[in-house]
Amino acid sequence: MSPDQVLAQFQATGVQTCFHDRHVNPQIYAGLDGTNWRLADYEARGGYQALRKILTDGLTPDQVIAEVKASGLRGRGGAGFPTGLKWSFMPRQFPGQKYLVCNSDEGEPGTCKDRDILQFNPHIVIEGMAIAA
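If you want it as structure tokens, here you go:
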């Protein structure tokens, strides 16, 4: 079953779920059918444009955080915490090696959003991690 079919089934019930109006933006799944997850497919959908802009324009970490705050992007956990605000908490003055970890553990009962994003649109996660780093 494709993500579009799953979304259609949830929307047909009329029940408020995380699949519409609250957390998961259907655009993340738009046009994905399990066969177009490759790099060329993602780029054809406009993928990596944000990362290219950051690298080409030479944006500073503070400018990137300001852009993310302005976008209104929120986390996909239950609280939907503002991503730009969370990124602004990261201390940048400490020298040495730094690591970025992608936590795709689904602690919420019955959820499958992380698995589906990684399966059907992995490059959106990779681009987000590169921008965050």
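Take the sequence shown: its letter number 10 is residue 232 in the working numbering, and every next letter is one higher.
No residue lacks a Cβ here, since even glycine has one placed at the ideal position from N, Cα and C.
Everything numeric in this text was worked out from a predicted model, so none of it was measured.
Could you check whether the segment 256-268 touches the segment 277-294, counting it as contact only if at least three pairs of C-beta atoms, one from each stretch, sit closer than 8 Å? As far as the Cβ criterion goes, the segment 256-268 does not touch the segment 277-294, which means the pair count is below three.
Whether Thr305 touches Gly297 by CB criterion (7 Å): In contact: Thr305 and Gly297 (Cβ atoms closer than 7 Å).
Segment contact flag, the segment 309-318 with the segment 283-290, C-beta cutoff 8 Å, min 3 pairs: Result yes; three or more Cβ-Cβ pairs closer than 8 Å.
Pairwise C-alpha distance: Arg314 and Arg274: Going by the C-alpha atoms only, they are around 22 Å apart.
Is it right to say Phe342 is buried, meaning 16 or more other beta carbons lie within 10 angstroms of its own, or is it exposed? Buried, because 16 or more other Cβ atoms sit within 10 Å of the Cβ of Phe342.
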